[in-house]
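Position one of the sequence shown corresponds to residue 831 (my numbering), numbered consecutively onward.
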Amino acid sequence: MSEIKNNTVLSGVQPSGDLHIGNYLGAIKNFVRLQKDYSCFFCIVDLHAITVKQDPKILRKNTLEVAATYIASGIDPKKSVVFNQSSISAHSELAWIFNCVTRMGWLNRMTQFKDKAGKDKENASSGLFIYPNLMAADILIYKATHVPVGNDQKQHLELTRDIAQKFNRDFKCENFFPIPEPIIDNDISRIMSLKDGTQKMSKSDLSENSRISLLDESDEIIKKIKKAKTADTVMPDKIEEILKISEINNLLNIYAGFSEVQKDILIDKYKGQNFSKFKADLSDIIVDQLKPITAEIKKLMQDEGYLLEILLEGQNKASEVAQKTINEVYDIVGLLRNET
Ligand code: ADP
Ligand code: TRP
């Protein structure tokens, strides 16, 4: 594994509401695993959160809550750098330079902007439109080589790769920015709503029953899984049949994600049965794994001083790397900086 050790991981989560099991399985669980072999930066992307309206007091609390969630899930702040994006101004400085590298046509193709801006595009913030440039800056300011994310971020990662390539080419600095690779685990990288298997599980869904929050109590989890949409059939015995019923496929993905038992083994175990035993076992597994995490998040949220200390320690470590990169970039671009 010594070859991997030189590589750098960066990822980020927005402090825009209670995190759910989609964020956990699609992103955070992977972060924990990657700490062993990579040098890791885990960011709380507060500047991305304000691309849509946020209540300042709630934003502050949510930022601490993402920090608490990282740590409660197993991110070790001694091993990995945990910090909030706005504490390192070099992210915004590099993002501005990328605003001048990225082509309008590239941004116009971003589906997340179209989804988030909805029908009222004229009224969306300009920050929401250039959001992927800031994400590219988050990644490239640390010259990250790997980015673990859910499937919804794949297009933004491709744009990041295009930006890195264009910058290296335009400024004739081959290999200055690495071309980062996404780390996306297919089945669990897109956990769907419990109420509608065609919609992504999301913090912004109006229905609480569509998602399982990492702060849900055990009885709420059991209730939500019981209510989750399935089908008026028994568990099919073939994966091809299961893929046709997205709600069942989604519950199987969640089961496999938490238990780390392969889907075909789960199908073998439950095929031909109705869904009550499957759902009971599934909620047992989720409750078992989330209970200690939920308790730890709640405990850490009582100790704001400790969380602030961790963020400051992360800020100091991140700033060293980020400052070096932005100085190099200013030099490459020809921006004069009179060092004192
Ligand atoms: P969101 O507001 O969509 O939850 P975040 O920025 O908080 O967005 O997402 C944090 C991470 O969680 C990202 O890597 C994102 O791809 C991942 N993620 C978000 N929703 C899901 C989902 N339903 N399934 C899997 N991964 C997800
Ligand atoms: N855009 C990501 C999301 O909405 C969050 C994010 C911001 C991110 N910067 C990042 C993810 C850098 C990975 C790397 O989920």
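All C-beta atoms in this analysis are idealised placements derived from N, C-alpha and C, irrespective of residue type, glycine included.
Got a sec: does ligand 2 put a non-hydrogen atom nearer than 8 Å to the Cβ of Leu964?
-> yes
Give the straight-line distance between the Cα atoms of Leu1166 and Pro1010, rounded to the nearest whole angstrom.
-> 28 Å
Sorry if obvious, but does the Cβ on His986 come closer than 8 Å to a heavy atom of ligand 2?
-> yes
Terminal residues of the beta strand (DSSP E) in which Ile1013 lies | 1011 to 1013
Taking 8 Å as the cut-off, is the CB of Asp982 close to at least one heavy atom of ligand 2?
-> yes
Is Ile918 near Gln1145, with beta carbons less than 9 Å apart?
-> yes
Please confirm whether any heavy atom of ligand 1 lies closer than 8 Å to the CB of Lys1030.
-> yes
DSSP-derived helix/strand/coil call for Ile874 | strand
Span separating the alpha-carbon of Ala920 from that of Ile969 | 12 Å
Going by the beta-carbon positions, is the gap between Ile1084 and Ile1116 smaller than 9 Å?
-> yes
Cβ neighbour criterion (16 or more within 10 Å) applied to Ile1156 = buried
Is the beta carbon of His878 within less than 8 Å of some heavy atom of ligand 2?
-> yes
Name the two residues that bound the continuous alpha helix (DSSP H) containing Leu1130.
-> 1105 to 1131
Range covered by the alpha helix (DSSP H) that runs through Ser841 = Run containing Ser841: none in the alpha helix (DSSP H); it sits in the beta strand (DSSP E), 838 to 843.
Taking only the alpha-carbon atoms, compute the straight-line gap between Ser846 and Ile888 and give it to the nearest angstrom.
-> 9 Å
Through-space distance from Asn1168 to Gly856, alpha-carbon basis | 44 Å
Taking Leu1081 as the reference, give the member of Ser956, Ala1058, Ile874 with the closest Cα.
-> Ala1058
For the beta strand (DSSP E) containing Asn914, list its first residue and its last residue.
-> 911 to 914
Return the CA-CA distance between Gln995 and Pro907, expressed in angstroms with no decimal places.
-> 32 Å
Proximity test, Gln1103 beta-carbon vs ligand 1 heavy atom, cut-off 8 Å = no
Roughly how many whole angstroms lie between the Cα atoms of Phe945 and Val882?
-> Per the sequence shown, the amino acid found at residue 945 is Asp instead of Phe. Using only the alpha carbons, I get a separation of about 13 Å.
Report the option in Glu923, Ala966, Asp1094, Gln844 whose CA atom is closest to the CA atom of Glu895.
-> Gln844
Taking 8 Å as the threshold, find out whether the region 1118 to 1129 comes into contact with the region 897 to 913 through three or more Cβ pairs.
-> yes
For Ser1149, I'd like the list of residues in its chain whose CB is within less than 6 Å of its CB, leaving aside the five on either flank, ordered along the chain.
-> Ile918
Should the region 939 to 959 be regarded as contacting the region 924 to 931, the criterion being three or more beta carbon pairs within less than 8 Å?
-> no
From which residue to which residue does the alpha helix (DSSP H) around His921 run?
-> 919 to 929
Candidates Met940, Asn853, Tyr972, of which the one nearest Asn837 by Cα = Tyr972
What are the boundary residues of the beta strand (DSSP E) that Val977 is part of?
-> 976 to 978
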